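Each remark here refers to the structure printed beneath this line.
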Amino acid sequence: MKVKGTGQGIGRRSGTDLKVRVKTAKGRKIGSTLWLQRQLNDPYVARARAEGYRSRAAFKIMELDERYHLFKKGQRVVDLGIAPGGWSQVAAPIVGSTNANPLIVGIDYLDVDPLDGVIILKKDFNDEDAPQALIQALGGHQVDIVLSDMAAPTTGHRATDHMRIMQLVELAADFAVRVLAPGGTFVTKVFQGGTEHELLAMLKRHFATTIHAKPKASRVGSAETYLLARGFKGNVPEDRE
Ligand SMILES: C[S@@+](CC[C@H](N)C(=O)[O-])C[C@H]1O[C@@H](n2cnc3c(N)ncnc32)[C@H](O)[C@@H]1O
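With the working numbering as the guide, the letters of the sequence shown map in order to residues 35 to 275.
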C-alpha cells in the first residue's frame, strides 16, 4: 500500500584493565583524551574495523535483530540519522535491498559514503519536506520499519540536551505513525529517564507492544537505551493532518 500523506556478546572490560592508555597531549582536552582512550580500548570498535562495519553501532542493531527478529526479506526500511551507515549496512542484506531494487532509505545532514542497496538523503530530518522526501525515495510505499538512531550534539546543559533529544524522538515517532504499514515496527534511541509519558502513551496507543532494550554494544555508562514499538495498529484519523 502507498502512503497517502506525506550479536553476539563481547565481554566488557572495566576501566582497570584497559590495554591502551592515552596521555593527555598538549592542546588536547581531557574529554577528547578520554574519548580516544575509550575508542582504542573498545572491543566493538576493533570488531567493527575487523569485520568491515562502518560503526560500532552496527552491533547494536545486529543484537536487537538477533533478539527480536526485526528484519525480514522484502521489508522497506527508513533509517533516520544514518551516518556513517552501520545500521543500514546490517539491514540491507537481510531485507534483500539492492541497487536495482532499493528497500532502504536513510537520512542524515552529514555525508555518508554510498552504500549498496541504500538511498541516502543528505538532509536535516527537521526540515519540513524531509518526511515527503523519504517516502518519495521509496516510491511512495508504506514502510515496514522506521529506525532512528538520531542524536543531537550535546551542549552539556542537561535540560537543553534532554529537550533536544526528546524533540527528535517525538518527530521520529510522529513520522513512524504516518508512514508505517499495519504490523510495522519503530525502533528509536532514547535516553533513560527521558522517555516522556506522553510519548510512551502515544506509542502504546498505536502499537501492540513497546519494549525498552539496551544492547550490550551500548556503552555501560551511557544513559542511552532503545525503545522498540511493534505491531503498528494502522493509522488513526486524529494522528493525521
Ligand atoms: C549515533 S549516529 C548514527 C549511527 C548509525 N546508526 C550507524 O550505525 O552508523 C547519529 C546520527 O544522527 C544524525 N542526526 C542527528 N540529528 C539529525 C537530524 N536532525 N537530521 C538528520 N540526522 C541527524 C547525526 O548526524 C548522526 O550521524
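Ideal placement from N, C-alpha and C gives every residue a C-beta, glycine not left out. Remember, it's a predicted structure, so these values are computed and weren't measured experimentally.
DSSP three-state label for residue i, please.
| i | result |
| --- | --- |
| P276 | What is shown of the chain runs 35 to 275, which leaves residue 276 out entirely. |
| A210 | helix |
| V37 | coil |
| A215 | strand |
| D250 | Note that residue 250 is Lys in the sequence shown here, rather than Asp. In this structure, K250 counts as coil in the three-state DSSP scheme. |
| L293 | For the chain, the structure presents residues 35 to 275; residue 293 sits outside this window and is missing. |
| E258 | strand |
| V129 | helix |
| H231 | helix |
| T50 | Low local confidence applies: a pLDDT of 41 at T50 is under 50, so the model's placement there is unreliable, and no value is given. |
| H175 | strand |
| D19 | Since the first residue shown for the chain is 35 and the last is 275, residue 19 is missing from the structure and cannot be characterised. |
| E204 | helix |
| R274 | Here R274 scores only 47 on pLDDT, less than 50, and its place in the model is too uncertain to base an answer on. |
| D76 | coil |
| T194 | helix |
| T67 | helix |
| P187 | coil |
What does the Cβ neighbour count give for residue i, buried or exposed, with the cut at 16 atoms within 10 Å?
| i | result |
| --- | --- |
| K189 | First, the amino acid is wrong: residue 189 is Thr here, not Lys. Looking at its Cβ environment, which holds fewer than 16 other Cβ atoms inside 10 Å, T189 is exposed. |
| H240 | buried |
| H119 | Note that residue 119 is Gly in the sequence shown, not His. The residue is buried, with at least 16 neighbouring Cβ atoms inside 10 Å. |
| D150 | exposed |
| M197 | exposed |
| G173 | exposed |
| V146 | buried |
| L155 | buried |
Tell me residue i's beta-bridge partners as DSSP assigns them.
| i | result |
| --- | --- |
| S182 | L114 and T222 |
| R264 | T243 |
| L149 | V152 |
Uninterrupted beta strand (DSSP E) stretches inside the segment 80–127 (no shorter than 3 residues): 111–114
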